[in-house]
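The block underneath contains the structure these notes are about, expressed in structure tokens.
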Amino acid sequence: MSELILISVKDRYVKEMLSGRKTIELRKSAPKAVAGDTLIIYTTQPKKAITAIAIVKQIIKCEPEEMWRLYHDRLGIDKTGFDDYYKNNKKAVGIELSEVIPLNGEILLSAIKLIHPSFTPPQTFKYLNKFTALRDFKHLIT
Numbered sequence: 019m020s021e022l023i024l025i026s027v028k029d030r031y032v033k034e035m036l037s038g039r040k041t042i043e044l045r046k047s048a049p050k051a052v053a054g055d056t057l058i059i060y061t062t063q064p065k066k067a068i069t070a071i072a073i074v075k076q077i078i079k080c081e082p083e084e085m086w087r088l089y090h091d092r093l094g095i096d097k098t099g100f101d102d103y104y105k106n107n108k109k110a111v112g113i114e115l116s117e118v119i120p121l122n123g124e125i126l127l128s129a130i131k132l133i134h135p136s137f138t139p140p141q142t143f144k145y146l147n148k149f150t151a152l153r154d155f156k157h158l159i160t
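Take the numbering used here: the last position of the sequence shown gets the number 160, and nothing is skipped along the way.
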């Protein structure tokens, strides 16, 4: 059974994903994900909303220098930002996306909190039970 993973991404990087210029999302730790899993993309400030979904193509793990050398044109970040992000890290993780699909309507954090008052967006990843998530949020997107 495939995983449903909530991931927080800065607004500028979500825009790069939706444009097709960013096909690899960088992380310092790897999610428990495999090809075919679904990422639910929570766009951080100023949007503070679930705005898109994506399908995991593969998880790439390597040293930061190798990640930059092989994939720099697909990361949606410049070299200075990349080096700053991975400063003092010996491992880079890339979540390669096969599809990024914008939602027809964003699901605002304020709406999510009406259903789950204690909900907080993840710092890294949050694994969701897909049946519970679909049941709980169905009325927000219809």
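Every residue gets a Cβ at the ideal spot worked out from N, C-alpha and C, and that includes glycine.
Identity of the residue in Ile119, Phe137, Ser47, Val118 nearest Leu126 by Cα: Phe137
Would Tyr104 and Leu22 qualify as a contact pair, given that the criterion is a beta-carbon distance under 9 Å? no
Where Lys109 and Pro135 are concerned, what is the direct C-alpha to C-alpha distance, given to the nearest angstrom? 35 Å
Would a C-beta distance cut-off of 9 Å place Leu36 and Pro139 closer than the cut-off? no
Taking its Cβ as the centre, do 16 or more other Cβ atoms sit within 10 Å of Gly94, making it buried, or is it exposed? Gly94 comes out buried.
Inter-residue CB distance, Ile42 and Gly99 (contact presumed, cutoff 8 Å): Incorrect: roughly 14 Å between the Cβ atoms, too far for contact.
Which value, in whole angstroms, describes the spacing of the CA atoms of Gly38 and Leu132? The alpha-carbon of Gly38 is positioned some 33 Å away from that of Leu132.
Please name the residue in Thr62, Ile77, Thr61, Gln141 whose C-alpha comes closest to that of Ala48. Ile77
Less than 8 Å between C-beta atoms, sequence neighbours within five positions excluded: which residues of the same chain meet that for Thr160? With a pLDDT of 47 at Thr160, under the threshold of 50, the modelled position of that residue is not reliable, and the figure given next carries that caveat. Once the five neighbours on either side are set aside, Thr160 has no close Cβ partner at all.
Can the beta-carbon of Trp86 be found closer than 9 Å to that of Lys75? no
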